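So in our numbering, spot 10 of the sequence shown is number 22, and the numbers just go up one at a time.
Ideal placement from N, C-alpha and C gives every residue a C-beta, glycine not left out.
Being a predicted model, the structure only gives us computed values, none of them experimental.
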Amino acid sequence: MAGLENHFLREDLTKQVRILLADDHAEMLTKVVHLLQDEFEVVGAVNDGQALLEAAATLRPDVVILDISMPVMDGLEAAHRLKEAGCQAKVIILTVHEDPDFVHESLVQGALGYVVKSRLTSDLVPAIKEALANRSFASPLPQR
Numbered sequence: 013m014a015g016l017e018n019h020f021l022r023e024d025l026t027k028q029v030r031i032l033l034a035d036d037h038a039e040m041l042t043k044v045v046h047l048l049q050d051e052f053e054v055v056g057a058v059n060d061g062q063a064l065l066e067a068a069a070t071l072r073p074d075v076v077i078l079d080i081s082m083p084v085m086d087g088l089e090a091a092h093r094l095k096e097a098g099c100q101a102k103v104i105i106l107t108v109h110e111d112p113d114f115v116h117e118s119l120v121q122g123a124l125g126y127v128v129k130s131r132l133t134s135d136l137v138p139a140i141k142e143a144l145a146n147r148s149f150a151s152p153l154p155q156r
């Protein structure tokens, strides 16, 4: 019985994790919200890097999931500015770029996770959980 109670407690703690999304494709935002809504609290979704910075300051998320290629300010610059502003949120990049150079640059800019969109359903939740444990995560990339 005690193990069952602990299971429910862990679920409750995970549900309280506040996530902010940034992607310039509405369909992708919708997919991510549907994927995460049962396990996490999605507190906002924006479509450019500047709007992300403003929303993060107001909403104070635990995790920020952002695309690299966005208008106004790209995701790498936004990740850098979040950290520069003292934002404590864990940053996860969600992108179509299957390039090790982007993975490296994302980590340099303060991201803990790098998920390619083709692996969204298998990799995003594990990336969030790893980031919350202060561990990095990167989707496997195709061999060159």
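### Message
Is the beta carbon of ALA34 closer than 8 Å to that of LEU71?
### Response
no
### Task
With a floor of 4 residues, list each alpha helix (DSSP H) that falls wholly inside the region 118-146, ordered by position along the chain.
132-144
#### Entry: Given 8 Å, three or more beta-carbon pairs between the region 101-111 and the region 130-146
yes
### Task
State the DSSP-derived secondary structure class of ALA38, mapped to helix, strand or coil.
helix
### Query
LEU78 lies in the beta strand (DSSP E); which residues open and close that run?
75-78
#### Entry: Reference GLU66, options GLN155, HIS116, MET85, SER151, closest by Cα
MET85
### Task
Run the CB neighbour count on SER134, radius 10 Å, all protein chains shown included, and call it buried at 16 or more, exposed below.
exposed
### Task
Return yes when the Cβ of ALA90 is within less than 8 Å of the Cβ of ALA123, no when it is not.
no
### Query
So who's on the other strand from GLY56, going by DSSP bridges?
LEU32
#### Entry: ALA97 in three-state terms, based on DSSP
coil
### Message
Short of 7 Å in beta carbon distance, which residues of its chain neighbour ASP79, apart from the five on each side in sequence? Order them along the chain.
### Response
ALA34, ASP35, ASP36, GLY87, LEU106, THR107
### Cβ shell of GLN62 (< 7 Å), same chain only, five flanking positions each side left out
VAL84, MET85
### Query
In whole angstroms, what is the alpha-carbon distance linking ILE104 and ALA143?
8 Å
### Message
What residue range does the beta strand (DSSP E) around LEU153 cover?
### Response
Taken as a continuous stretch (DSSP letters only), LEU153 belongs to no beta strand (DSSP E), as it is neither H nor E.
### Task
Helix, strand or coil for VAL108, going by three-state DSSP, please let me know.
coil
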